[in-house]
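**Q** In our numbering, the protein residues as written are 150 to 371.
Note that the Cβ used here is the ideal one computed from N, Cα and C, for glycine as well.
First the structure, then my questions, so here it is.
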Ligand SMILES: C[S@@+](CC[C@H](N)C(=O)[O-])C[C@H]1O[C@@H](n2cnc3c(N)ncnc32)[C@H](O)[C@@H]1O
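This is the structure we're talking about:
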């Protein structure tokens, strides 16, 4: 099932960004700035994204409204694939899964529409792709020169499995933005520590210390 197939979604005007629920603040033509929950414009030049991506095929993992994917395109990427799950059921919910009410499903479905509206407004060639990071397969999605993962790992039951899956399809560079606990990092600087986070029935899993950053293993593909 794809998002929106069988849920009642409030009517919206597909060309009016104000009618949508926005996760990302995105600057669109005509001076329109989407009212996003997260405004990454402040940090866009501070996360290690290469200044230019000319000629590189790029992957944005967990794209949501597509802010980072559009930014990669703006920086000259030859192609960008924006990956996200199609269905809220595909998120890593804790078990037993909380029942998703019609309202929650409608809210999540409406959020997914923002990407399409932003892409159309920007005249973007970013390709949306709806599958889980765990299922990345070079035979079906192809290979990439560059991948970006923004604040996704703490939503995953198996963050290492997700990194391994990304590693399968990316030949060169990964930029990973992840949530780390400053307290665990300061209190136990030499010991990697993590713990299961208790956010109730939400898809949140672990908030580790910086010592748990396994992305240094990236280069040798472990
Ligand atoms: C916290 S948001 C981060 C959005 C964006 N990457 C950013 O940095 O602003 C996490 C995103 O990852 C997506 N996501 C969650 N589980 C996923 C999975 N297994 N595969 C791909 N995307 C997933 C969510 O749907 C959501 O869009």
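Please name the residue in 299, 302, 319, 274 whose C-alpha comes closest to that of residue 288.
**A** What you label residue 288 is simply residue 139 of the chain shown in a count that begins at 1. Answer by Cα proximity: 319.
**Q** State the Cα-Cα distance for the pair residue 297 and residue 312, rounded to the nearest angstrom.
**A** Along the chain shown, one-based indexing puts residue 297 at 148. Along the chain shown, one-based indexing puts residue 312 at 163. Answer to the nearest angstrom: the Cα atoms are 11 Å apart.
**Q** When you compare the segment 244-263 with the segment 196-206, are there three or more beta-carbon pairs, one atom per stretch, that lie closer than 8 Å?
**A** Not touching, per the Cβ criterion.
**Q** For residue 298, which beta-bridge partners are listed by DSSP?
**A** Along the chain shown, read from residue 1 onward, the residue named residue 298 stands at position 149. Partner(s): 210, 325.
**Q** Would you mind giving the Cβ-Cβ distance between residue 215 and residue 226, rounded to the nearest angstrom? I have them listed as a contact below 8 Å.
**A** For the purposes of this step, residue 215 is identified with residue 66 of the chain shown, where counting begins at 1. For the purposes of this step, residue 226 is identified with residue 77 of the chain shown, where counting begins at 1. About 13 Å separates the two Cβ atoms, so there is no contact after all.
**Q** Indicate whether residue 257 and residue 237 have their beta-carbon atoms separated by less than 7 Å.
**A** For the purposes of this step, residue 257 is taken as residue 108 along the chain shown, with counting starting at 1. For the purposes of this step, residue 237 is taken as residue 88 along the chain shown, with counting starting at 1. Against a cut-off of 7 Å, the Cβ pair of residue 237 and residue 257 comes out as a contact.
**Q** Tell me whether residue 257 sits in a helix, a strand or coil according to DSSP, three-state version.
**A** Residue mapping note: residue 257 aligns to position 108 of the chain shown, counting from 1. In this structure, residue 257 counts as helix in the three-state DSSP scheme.
**Q** Return yes when the Cβ of residue 356 is within less than 7 Å of the Cβ of residue 324, no when it is not.
**A** Translated into positions along the chain shown, residue 324 becomes position 175. Translated into positions along the chain shown, residue 356 becomes position 207. Taking 7 Å as the Cβ cut-off, residue 324 and residue 356 do not qualify as a contacting pair.
**Q** If we count the other Cβ atoms within 10 Å of its Cβ and call it buried at 16 or more, is residue 348 buried or exposed?
**A** As a working note, residue 348 is residue 199 in the chain shown. Classification of residue 348: exposed, given that the 10 Å Cβ count is below 16.
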